[in-house]
Amino acid sequence: MPLVVSDTVPDGLQLAAAATYFLNFTPNSGVTIRYSTDSGATWRTIAPVGQTSTWPNNKIIIQWWLNDPLPAGSSGNYARYQATVPSTYSGAPVIENTACIGLGDAEPFACDTATTIVQGTGAIGDFVWRDENNDGQQTGETTYGIDGVAVSLYWDRNGDGKLDAGDVLIATQDTYTYNGNAGYYQFTQLPAANYLVVVDKTDSSIPTGYRLTTPGLYAVALASGQSYQAADFGFGPSLTMEKRMLSAGGTCDAYGGLEVIYSIALTHQRPGTGEAVPGGCRYS
Numbered sequence: 001m002p003l004v005v006s007d008t009v010p011d012g013l014q015l016a017a018a019a020t021y022f023l024n025f026t027p028n029s030g031v032t033i034r035y036s037t038d039s040g041a042t043w044r045t046i047a048p049v050g051q052t053s054t055w056p057n058n059k060i061i062i063q064w065w066l067n068d069p070l071p072a073g074s075s076g077n078y079a080r081y082q083a084t085v086p087s088t089y090s091g092a093p094v095i096e097n098t099a100c101i102g103l104g105d106a107e108p109f110a111c112d113t114a115t116t117i118v119q120g121t122g123a124i125g126d127f128v129w130r131d132e133n134n135d136g137q138q139t140g141e142t143t144y145g146i147d148g149v150a151v152s153l154y155w156d157r158n159g160d161g162k163l164d165a166g167d168v169l170i171a172t173q174d175t176y177t178y179n180g181n182a183g184y185y186q187f188t189q190l191p192a193a194n195y196l197v198v199v200d201k202t203d204s205s206i207p208t209g210y211r212l213t214t215p216g217l218y219a220v221a222l223a224s225g226q227s228y229q230a231a232d233f234g235f236g237p238s239l240t241m242e243k244r245m246l247s248a249g250g251t252c253d254a255y256g257g258l259e260v261i262y263s264i265a266l267t268h269q270r271p272g273t274g275e276a277v278p279g280g281c282r283y284s
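What follows is the structure, encoded as structure tokens:
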């Protein structure tokens with residue numbers, strides 16, 4: 001049975017041109033390309049250029065039927081097509097395109113998926129910082145940014161505000177210095193959609209002993225053209241220490257031959273769950 005590559009134009013997209021191929025072995029007798037505009041009910045060899053793939057009943061399916069066996073070890077072969085996102089497109093902000101390979105009309109034995117984000121004008125950002133007073137706020141700490149921390153953006157497919165198995169990773173970037181300020185990140189050219197912004201709380205760039213003082217995930221329902229800049233992540237010290245010098249009579253004066261007493265106070269800023277809590281627990 002011949003080897004067949006099959007691909008479906010994503011819902012709402014238009015076929016821009018006839019499909020092409022390249023076979024990196026000789027001799028070969030080429031490939032037969034078939035098209036369906038009714039989800040596989042009928043087939044033809046003329047490309048339906050300019051037509052829109054509409055799911056579920058009018059999917060545009062493309063098949064490349066190899067006319068020769070694929071030699072063992074052969075590489076550099078490809079099947080290719082182009083699709084256009086029309087101005088009237090109103091589908092998902094992330095376009096998923098799955099191609100499969102099989103023998104004849106049998107079930108495919110291998111598939112792979114590529115994702116493409118539809119370009120928009122929205123943005124999400126923008127700051128990861130050292131929250132030295134553990135209050136979850138950037139109070140006097142706008143210059144305390146942390147560079148090199150990985151922040152990831154996901155498409156929240158079901159819009160539940162949680163990172164689920166079906167959510168799609170769009171991009172990951174490390175925080176960097178921008179206009180002289182460290183700890184900056186920015187995801188741009190985003191279409192309207194539900195997103196999840198997640199920081200890597202175990203990143204090696206985070207100072208030792210520092211833990212999250214803010215949520216580690218933000219669910220953002222981004223409107224068209226919106227710039228959401230409140231997805232900020234703070235990391236504060238788990239322990240803080242205060243050292244004071246004491247002396248007899250309760251004064252802070254120290255003289256030659258006088259015994260000096262020091263007091264060291266440690267404050268544990270985390271409860272047993274490892275999450276931030278106001279005040280923490282104090283030990284002397």
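Each residue of the sequence shown is one higher than the one before, starting from 1 at the first, in the working numbering. Just so you know, even glycine gets a beta-carbon here, dropped at the ideal spot from N, CA and C. The structure displayed is predicted, hence computed values, not measured ones.
Would you give the residue range spanned by the beta strand (DSSP E) that residue i belongs to?
i: R44; result: That residue, R44, is in no beta strand (DSSP E); it is neither H nor E in DSSP.
i: Q226; result: Looking at the DSSP string, Q226 is not in any beta strand (DSSP E), and its letter there is neither H nor E.
i: D174; result: V168 to D174
i: R211; result: Y210 to L212
i: F187; result: N181 to L190
i: D112; result: A110 to I117
i: L70; result: It is not in any beta strand (DSSP E) - L70 carries neither H nor E in the DSSP assignment.
i: E96; result: V94 to L103
i: N194; result: A193 to V199
i: Y154; result: A150 to W155
i: A18; result: Careful: A18 lies outside any beta strand (DSSP E) and carries neither H nor E.
i: A79; result: Y78 to R80
Rounded to a whole number of angstroms, what is the C-alpha to C-alpha distance between residue i and residue j?
i: G148; j: L163; result: 23 Å
i: F109; j: S238; result: 51 Å
i: G30; j: V168; result: 36 Å
i: P69; j: F22; result: 14 Å
i: V198; j: G183; result: 15 Å
i: S39; j: W64; result: 16 Å
i: R130; j: L66; result: 59 Å
i: E132; j: G225; result: 34 Å
i: V277; j: Y228; result: For V277, the predicted structure reports a pLDDT of 48, less than 50, and the residue's modelled location is therefore unreliable. A value from the coordinates is still provided. Cα-Cα distance, rounded: 27 Å.
i: T45; j: R34; result: 5 Å
i: A18; j: A47; result: 5 Å
i: T42; j: T84; result: 23 Å
i: E259; j: E242; result: 20 Å
With distances taken between CB atoms, is the gap from residue i to residue j smaller than 8 Å?
i: Q51; j: L15; result: yes
i: G216; j: F233; result: yes
i: D7; j: S53; result: no
i: G120; j: A221; result: no
i: L371; j: G125; result: Coverage of the chain is limited to positions 1 through 284, which leaves residue 371 absent and any answer about it impossible.
i: N97; j: A79; result: no
i: V9; j: G102; result: no
i: N134; j: T213; result: yes
i: T172; j: S204; result: no
i: A223; j: L196; result: no
How would you label residue i, buried or exposed, when you count the other beta carbons within 10 angstroms and need 16 or more for buried?
i: T26; result: exposed
i: S263; result: exposed
i: L266; result: exposed
i: F187; result: buried
i: G140; result: exposed
i: S36; result: buried
i: A72; result: exposed
i: D156; result: buried
i: P56; result: exposed
i: R211; result: buried
i: P93; result: buried
i: T20; result: exposed
i: T175; result: buried
i: G159; result: exposed
Can you name the residues that DSSP bridges to residue i?
i: W129; result: G145 and G234
i: L23; result: DSSP lists no partner for L23.
i: W65; result: V4 and T32
i: E242; result: A265
i: Y178; result: N181
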